[in-house]
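Here the structure is laid out as structure tokens; the discussion comes afterwards.
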Amino acid sequence: MITDDPLTELIVATGDDPGGIRLDVYLAREVPDLSRSRIQKLIEDEDILVNDQPSKASLKLHGGERITIELQEPRELDLQAEDIPLNIVYQDEFLAVINKSAGMVTHPGAGIYTGTLVNALLFHMRGTLSGISGTVRPGIVHRLDKDTSGLLVIAKEDKSHRDLAEQIKSKSARRDYIALVEGVMKMDQGTIDKPIGRHPTKRKQMAIVTEGRKAISRFKVIERFSKFTLVKVMLETGRTHQIRVHMSSLGYPVVGDLLYNPKSTGNEPARHKLGLKGQALHAAQLSFKHPITGMLLEFEAPLPEDFQTLLTQLT
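Right, dumping it as structure tokens:
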């Protein structure tokens, strides 16, 4: 049974089925507190790990596997609508596009129940949000890290949510980021094709791992400075912390990244000195087809003031 502890571990007993049992079927049987759809969502979000690795719902279990379930969602009763200012770039009866500020968590979880984008959406959208992502992630089609600013799309009803999610999965929706990385890049452009999964020992971090999920990022240098490089990064996949992990793996971590930047700017004092509120990573462009009308929608969000000020000082 799932308790209030956000982390639950199960050891799969050796069964009498020589063919094994599917991961989602096993969990639906052993953890009745979780619905089948909730289990599949947790697996998709890599909140369910088998032997510390992300897995598919269809994975066959044969006994002895260690399953870790990390519940990042609070109880529904903990969700409150909050009058938090939002930069709403566009909205109609089916969807909304938000320019999220750095420092705002996308949805409740991991002990953070207030002050999130979802809390703000519950107030500003007055209950018109899709429910596909669960009761504590209403409307959330894709996420941005807390310290990343920029554009994300919100679904107001389920049909639009399914269509938008499929566009992101099939790569027909385009998401481009601007990042300031530490170090002067020699190459003008490139593609990073490295699988990403949970860090083997650090639970809050992702890493380049052989058995991770396929992750592809393309980048192009915009401008070089004495110690930094401004790059545009285009996502072909959407793994957790993808840009931050990929750029760090090249030796050019995002400026102000507290998790993946071991260099001089990867700490709070450095952030403060540079005048940054978060890390120097901004979701600058977003384009997709309207799920109802089919019209191509394209949005661009200027760099936040702190990011732009830093670039001006570096010039």
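Each residue of the sequence shown is one higher than the one before, starting from 30 at the first, in this note's numbering.
Yeah, the Cβ is synthetic: ideal placement off N, Cα and C, and Gly gets one too.
Glu-334 counts as exposed, since fewer than 16 other beta carbons sit within 10 angstroms of its beta carbon.
Ile-251 counts as exposed, since fewer than 16 other beta carbons sit within 10 angstroms of its beta carbon. In the DSSP assignment, Asn-148 falls within the unbroken alpha helix (DSSP H) covering 146-153.
Using a Cβ-Cβ distance cut-off of 8 Å, the stretch 85-102 and the stretch 117-128 are not in contact, since fewer than three pairs of beta carbons, one from each stretch, lie closer than that value. In the pairwise beta carbon analysis, the stretch 204-220 is classified as touching the stretch 281-294: at least three pairs are separated by under 8 Å.
Going by beta carbons, His-190 and Ser-159 fall inside the 7 Å limit. Straight-line spacing of the CA atoms in Lys-198 and Glu-329 works out to 21 Å. Under a 10 Å Cβ-count criterion, Pro-298 is classified as exposed, with fewer than 16 other Cβ atoms of the shown protein chains found around its own Cβ. Here Ala-244 really is in contact with Ile-225; their C-beta atoms are around 4 Å apart, less than 8 Å. When secondary structure is reduced to three states using DSSP, Lys-223 falls in the coil class, being assigned neither helix nor strand. Judged by DSSP in its simplified three-state form, Glu-252 adopts strand.
Secondary structure at Pro-298: helix, using DSSP grouped into helix, strand and coil.
Of the other Cβ atoms in all chains shown, 16 or more fall within 10 Å of the Cβ of His-275; this residue is therefore buried.
In this structure, the alpha-carbon of Ile-321 lies about 14 Å from that of Glu-195. Among the bridge pairs identified by DSSP, Thr-37 is matched with Ile-98. When secondary structure is reduced to three states using DSSP, Met-276 falls in the helix class.
Arg-247 carries a strand assignment under DSSP once its states are collapsed to helix, strand and coil. Contact check for Ala-86 against Ile-72 passes: the beta carbons are separated by less than 7 Å. Exposed is the label assigned to Gly-323, since fewer than 16 other Cβ atoms lie within 10 Å of its Cβ. If you look at His-311, you'll find it in the beta strand (DSSP E) that goes 310-318. Secondary structure at Arg-65: helix, using DSSP grouped into helix, strand and coil.
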